[in-house]
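J.: Take 1088 as the starting number for the sequence shown in the numbering used here and just add one per residue. Just so it is clear, CB atoms sit at the ideal spot from N, CA and C, and this is done for glycine as well. Next up is a structure, given as structure tokens.
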Amino acid sequence: EAVNRARSNGGPTLIEAKTYRMVGHHEGDPGTDYRTREEVEQWKVRCPIKTLREKLLDTGMVPAESFERIEEEAQHWLDDAVQFAKQSPEPSPSTARDHGF
1088 EAVNRARSNG GPTLIEAKTY RMVGHHEGDP GTDYRTREEV EQWKVRCPIK TLREKLLDTG
1148 MVPAESFERI EEEAQHWLDD AVQFAKQSPE PSPSTARDHG F
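Below you can see the structure in the form of structure tokens.
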């Protein structure tokens, strides 16, 4: 319905997507104080990315080689970004409050 509305210039559509945050609120938050390990595991099984991947593979819509190629390319991008960060100079402490909102 939302796709048809968009394609026919019917205006915007609000889509509510119920999802789950797999990690804590911040790097130091293990996320274990307010949810059980079982709850997290139940949501991992429902991961929409994994579910879509399995569906595309099972139906033959996308060959496994395509996913492998995408993952290799993403890993190269990540490796390049890490290398760039390691080679970049440390920022000046005087800029700590810059660009804060």
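By the three-class DSSP mapping on this structure, what secondary structure does residue 1206 have?
T.: The displayed coordinates of the chain run from 1088 to 1188. Any statement about residue 1206 would go beyond what the structure contains.
J.: Nearest by alpha-carbon distance to residue 1106: which of 1126, 1120, 1114, 1152 is it?
T.: Position 19 of the sequence shown, counted from the first residue, corresponds to residue 1106. If we check each option's Cα against that of residue 1106, 1126 comes out closest.
J.: I'd like to check one pair, residue 1092 with residue 1100: are the Cβ atoms closer than 7 Å?
T.: Locating residue 1100 in the sequence shown gives position 13, where the first residue counts as 1. Locating residue 1092 in the sequence shown gives position 5, where the first residue counts as 1. Yes, these two residues count as a Cβ contact at 7 Å.
J.: For the alpha helix (DSSP H) containing residue 1135, list its first residue and its last residue.
T.: Here residue 1135 refers to the residue found at position 48 of the sequence shown. First-last of the alpha helix (DSSP H) with residue 1135: 1135 to 1145.
J.: Indicate the three-state DSSP secondary structure (helix, strand or coil) for residue 1163 in the structure shown.
T.: By 1-based counting over the sequence shown, the position of residue 1163 is 76. Here residue 1163 sits in helix by DSSP.
J.: So, for residue 1111: in the same chain, excluding its five sequence neighbours on each side, which residues have a beta-carbon less than 7 Å away from its beta-carbon?
T.: Position 24 of the sequence shown holds residue 1111. So the list reads 1117, 1118, once near-sequence residues are dropped.
J.: Just how far apart, CA to CA, sit residue 1163 and residue 1156?
T.: Counted from its first residue, the sequence shown places residue 1163 at position 76. Counted from its first residue, the sequence shown places residue 1156 at position 69. Distance between the alpha carbons of residue 1163 and residue 1156 is about 11 Å.
J.: Using three-state DSSP, classify residue 1119 as helix, strand or coil.
T.: Within the sequence shown, numbered from 1, the residue matching residue 1119 stands at position 32. If DSSP states are grouped into helix, strand and coil, residue 1119 belongs with coil.
J.: Please state whether DSSP places residue 1099 in a helix, a strand or coil.
T.: Position 12 of the sequence shown, counted from the first residue, corresponds to residue 1099. Coil at residue 1099, not helix or strand.
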